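Below is one structure, written out as structure tokens; comments come after it.
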Ligand SMILES: [Ca+2]
Ligand SMILES: [Ca+2]
Ligand SMILES: [Ca+2]
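Numbering (the working numbering), first residue to last: 408 to 753.
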């Protein structure tokens, strides 16, 4: 452990030196990792394994386009291509990072200033209806995710976000379905440095969050369930907690770990959990998933893709798992027995 701590110090010094020279690395104010013994590291690793998780270290070998634009039409947009890569865990198993993307259709643009003209006031006329139950009711979803979402309704894929990384956009999808309805969102905080949960030349630890409003009155709030499936970057896994019921909690982990610099990113660890088969289906048991965490407007920092459509999003809250920074793939669920339309009285 003396050796490892010495390495940390050397790495930090090297990172600062490189940053001074090229101004291209992470914030040198990264939190130093607390000293940990070999026994503590081994126990933490065992806890991850017992919870069904798998640990990888370092970056993905390569990346491919994630069914997302390769450029924007409009100049001046903050465009970063969304790519997926593959990392291997300690047992040699491969994981797609930050997530594999469904091959299905994307929804209708509400706001898209990359491959469309910004605010789309004509979206209602452009909606197609995905028919799940021919004798069901028609519902329209309004969704804004940082950065990517897929919507499943009663286990059926309905639509996905057309832009998986940046710029920020928002999307509408319409479907016909019978109650009870299980809404399921697969949400990804995308990353540029694949496998280590960071973005941009400055190795920023990006954050996530999602907000959705359905025309039957269902909206994102603390009544949803949310579980994380990809946690990065981590200096090590000692900060992770797992409840006896299975809930995963990274809220004690540094949101700016010491490895979060260009010089040290290859030492960052990530924890992956397999997405359970049938997780979006009504019969899936989410009883051991934690409740979704609600974030304030200031924490979420909504962009024009949300602020230009506030009436469509209504009273929906910004939600995610318990760590909006390092939980990067989050599955969310909510089942409603009847329409949730209600008065807007406080
Ligand atoms: Ca998006
Ligand atoms: Ca993140
Ligand atoms: Ca993000």
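We put the beta carbon where it would ideally sit given N, CA and C, even for glycine.
This one's a predicted model, so the numbers in the text were calculated from it and none came from an experiment.
Handout entry: One or two residues paired with residue 578 in a DSSP bridge
Key = Residue 578 pairs with 516 and 550.
Exercise for the section: With residue 486 as the anchor, note down where its alpha helix (DSSP H) starts and where it stops. Expected result: It is not in any alpha helix (DSSP H) - residue 486 carries neither H nor E in the DSSP assignment.
Exercise for the section: Measure the beta-carbon distance from residue 572 to residue 489 and round it to whole angstroms, keeping in mind my assumption that it falls under 8 Å. Expected result: Between residue 489 and residue 572 the Cβ distance is about 4 Å, and since that is below 8 Å, they are a contact.
Practice task
Report yes if the C-beta of residue 665 is less than 7 Å from at least one heavy atom of ligand 1; otherwise report no.
Solution key: The answer is no for residue 665.
Exercise for the section: Kindly indicate which residue of 747, 739, 681 and 746 has the alpha-carbon position closest to the one of residue 354. Expected result: This structure leaves residue 354 out entirely; the chain is present only between 408 and 753.
Handout entry: Closest Cα partner of residue 637 within the set 487, 506 and 473
Key = Check the Cα spacing between residue 637 and each of 487, 506 and 473: the tightest is with 506.
Problem - Any non-hydrogen atom of ligand 3 within 7 Å of residue 696 CB - result: No, since every heavy atom of ligand 3 falls outside the 7 Å radius drawn around the Cβ of residue 696.
Handout entry: Beta bridge counterpart(s) of residue 557 as assigned by DSSP
Key = Per DSSP, 567 and 593.
Handout entry: residue 471 classed as buried or exposed, judged by whether at least 16 other C-beta atoms fall within 10 angstroms
Key = Residue 471 should be labelled exposed.
Problem - For residue 621, three-class secondary structure by DSSP - result: Residue state, collapsed to three classes: strand.
Problem - residue 721 to residue 675 span [Cα, whole Å] - result: Cα to Cα, residue 721 sits roughly 39 Å from residue 675.
Problem - Any non-hydrogen atom of ligand 3 closer than 7 Å to residue 554 Cβ - result: Correct: residue 554 has its Cβ closer than 7 Å to ligand 3.
Handout entry: Top-ranked residue by Cα proximity to residue 532, from 515, 484 and 648
Key = Closest option to residue 532, judged by alpha-carbon separation, among 515, 484 and 648: 515.
Handout entry: Burial state of residue 704, where buried means 16 or more other Cβ atoms lie within 10 Å
Key = Taking all protein chains shown into account, residue 704 has fewer than 16 neighbouring C-beta atoms within 10 Å of its C-beta and is therefore exposed.
Practice task
Could I get the ranges of all uninterrupted alpha helix (DSSP H) runs contained in the region 660-729, with 4 residues as the minimum, in chain order?
Solution key: Taking 4 residues as the minimum length, the alpha helix (DSSP H) runs contained wholly in the region 660-729 are 704-707, 711-714 and 717-720, in order along the chain.
Problem - Between the CA atoms of residue 635 and residue 541 - distance to the nearest angstrom - result: A direct Cα-Cα distance of roughly 34 Å separates residue 541 from residue 635.
Handout entry: Length-filtered (3 minimum) beta strand (DSSP E) runs lying within the region 522-550
Key = Complete beta strand (DSSP E) runs here, min 3: 536-538.
Exercise for the section: Give a single yes or no on whether residue 460 has its beta carbon closer than 7 Å to a heavy atom of ligand 4. Expected result: As for ligand 4, it is missing from this structure, which binds only ligand 1, ligand 2 and ligand 3.
Problem - Residue nearest to residue 553 in terms of C-alpha spacing, selected from 737, 743, 545 and 603 - result: Looking only at 737, 743, 545 and 603, the smallest Cα-Cα distance to residue 553 is reached by 737.
Problem - Where residue 446 falls: helix, strand or coil (DSSP) - result: Helix, per DSSP.
Handout entry: Close beta carbons around residue 591, own chain, < 6 Å, minus the five adjacent residues each side
Key = Here the set comprises 559, 687 and 740.
Problem - Reduced DSSP secondary structure (H/G/I, E/B, other) of residue 466 - result: The three-state reading of DSSP puts residue 466 in coil, since its state is none of H, G, I, E or B.
Handout entry: Expected contact under 8 Å - CB spacing of residue 621 and residue 548 to nearest Å
Key = With 8 Å as the limit, residue 621 and residue 548 qualify as a contact, their Cβ atoms being about 5 Å apart.
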